[in-house]
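Beneath this line is the structure, given in structure tokens, with notes to follow.
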Amino acid sequence: MTMKETSPFSPARRKLLIAGAGGVVALGALGAASWGQLTNYRASWVERVVRENLPGIDLDGMSLQAFVKDILASERMQRKEVKVTVFADRFVPWLPAHISKARNGLEGLERYVLTEYLIGSNFFRVPDPKRETIVYSGIALACRNPFTYAAQANFSEA
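Written as structure tokens, this is what we have:
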């Protein structure tokens, strides 16, 4: 009894390989399209965080867009973990709701975004933020936290 030899290039195997390669190409194209949408989503996510946390406050639209651009260019927002956190919030919304580490990461990121906006805007410099338009003027580089107490510096007379 002899075994029937099969060709390594059988039509069924060839069709399977072509279908697999087509699937990989399709997934790659879908991933590239999603990554482009993720960049736009990150911008809309930042704006949503600011607007949702400041209800009833009139925000200047042009300066808010400048803030979105500034914050997305910041070093913290460029980290892979941050991009994954925003991605998870968009595409896997149940993750932060059920996993404490993801929830804490998302909340910390939201606090960071809101703090940067408030410190860089006129929010703390107007008498009543609900009666005036809040305008973002840029990221504050010196003494970023107005609630930090620092003792009077002693300078030498020399």
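Under the working numbering, think of the first position of the sequence shown as -4, with each following residue one higher. Even glycine gets a Cβ: it sits at the ideal position worked out from N, Cα and C. Note that this is a predicted model, so its numbers are computed, not measured.
Residue i and residue j closer than 7 Å at C-beta
i	j	result
residue 100	residue 80	yes
Rounded straight-line distance, which links the Cα of residue j to that of residue i
i	j	result
residue 120	residue 37	28 Å
residue 103	residue 75	15 Å
residue 45	residue 17	42 Å
residue 227	residue 14	Beyond the ends of the chain as shown, which are -4 and 153, falls residue 227; an answer cannot be given.
residue 57	residue 10	54 Å
residue 52	residue 134	20 Å
residue 47	residue 8	54 Å
residue 105	residue 111	10 Å
Three-state secondary structure (DSSP) of residue i
i	result
residue 116	strand
residue 136	coil
residue 54	strand
residue 129	strand
residue 69	coil
residue 109	helix
residue 124	coil
residue 94	coil
residue 6	helix
residue 17	helix
residue 49	coil
residue 37	helix
Neighbour flag for residue i against chain C, beta carbons, 7 Å
i	result
residue 37	Here there is only one protein chain, and chain C is not present.
- Task: Could you say if the stretch 87 to 99 and the stretch 51 to 61 meet the contact criterion of at least three C-beta pairs nearer than 8 Å?
- Result: no
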